[in-house]
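Heads up, the thing below is written out as structure tokens.
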Amino acid sequence: MTASSAHGYIETVSHLLNCHCYTRTINAQATEYYLEQIAQRYDIQTLKSAVEAVRKHLDYYLSASNNPQHTIRKIYEKYAELCEQSFEYDDLDRAVDIAKIDSSEDRLLRLKSAPTKAVLIDSRAKLYRRNPDVVAERLFIADGVCENCEQQAPFMRKKDNTPYLEVHHIIHLADDGPDCLENTEALCPNCHRERHYGSASPNS
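First residue of the sequence shown? That's 8 in this note's numbering, and the numbers climb one at a time after it.
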């Protein structure tokens with residue numbers, strides 16, 4: 008690789024992070040590597056900016072050379088979908104934070120009349136819109152203790168200093184499991200992964 012090419016690749020990183028259109032062509036492998044690293048090292052908003060920069064590059068290149076860059080476009084579509092999915096989860100986190108402000112009595116009252124059939128979000132990833140009251144109340148019941156291993160949560164959340172546990176559906180929503188308290192348990196990350204991938208898991 009020449010010094011000029013190396014400089015171009017480095018400059019592209021700055022364009023990606025700042026959501027700027029880049030006009031220099033980089034190959035598909037480098038494009039995917041950059042987006043993968045940004046996804047791992049930065050927050051979702053930065054990834055969204057980088058994905059938008061790739062879209063601007065694709066539009067520019069198509070207009071300048073009539074080349075649709077099919078391989079890079081597929082990479083763009085992959086990460087654009089990832090951004091869409093992540094924002095759905097962010098929406099749930101915000102809704103759970105709001106639900107936590109209410110009392111347990113208020114949440115339970117709402118849950119009595121809440122539908123237990125989770126709504127399928129129109130997404131190729133088959134995501135479900137979960138009831139934040141179910142998540143908030145299950146975490147309230149667990150009170151910082153994993154409901155499988157009965158150990159304290161491994162750490163406190165940075166954003167609000169509450170115990171970090173993950174709410175798991177015993178019967179998966181994708182398997183028509185209900186989105187209700189009775190079908191959930193609050194687990195530490197290790198037990199949650201065991202539920203999904205362990206040899207003793209009923210879903211493995």
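Where is the CB? At the ideal position from N, CA and C, for every residue including glycine. Keep in mind that this is a model prediction, so the values were computed, not measured.
Output the distance between the C-alpha atoms of residue i and residue j, rounded to the nearest integer angstrom.
i, j, result
"residue 46", "residue 89", "9 Å"
"residue 132", "residue 180", "Only weak support exists for where residue 132 lies, its pLDDT of 43 falling under 50; the value from the coordinates is given anyway. If I take the Cα positions, the gap works out to 13 Å."
"residue 199", "residue 152", "13 Å"
"residue 43", "residue 23", "12 Å"
"residue 205", "residue 85", "28 Å"
"residue 173", "residue 73", "48 Å"
"residue 115", "residue 51", "32 Å"
Would you say residue i and residue j are within 8 Å of each other, going by their C-beta atoms?
i, j, result
"residue 155", "residue 186", "no"
"residue 176", "residue 191", "yes"
"residue 37", "residue 16", "yes"
"residue 71", "residue 26", "no"
"residue 67", "residue 76", "no"
"residue 106", "residue 149", "no"
Restricting to Cα atoms, I'd like to know which of the options is closest to residue i.
i, options, result
"residue 29", "158, 57, 39, 142", "57"
"residue 159", "60, 146, 49", "146"
"residue 166", "79, 73, 101, 86", "101"
"residue 112", "85, 143, 123", "143"
"residue 31", "39, 40, 20", "20"
"residue 189", "140, 172, 55, 54", "140"
"residue 123", "54, 163, 178, 157", "178"
Can you tell me whether DSSP reads residue i as helix, strand or coil?
i, result
"residue 64", "helix"
"residue 84", "helix"
"residue 172", "coil"
"residue 117", "helix"
"residue 158", "coil"
Inset, instruction - Please determine if the region 119-126 and the region 78-88 are in contact, where contact requires at least 3 C-beta pairs separated by less than 8 Å. - result: Taking a cut-off of 8 Å for Cβ pairs, the region 119-126 and the region 78-88 do not touch, as fewer than three such pairs fall below it.
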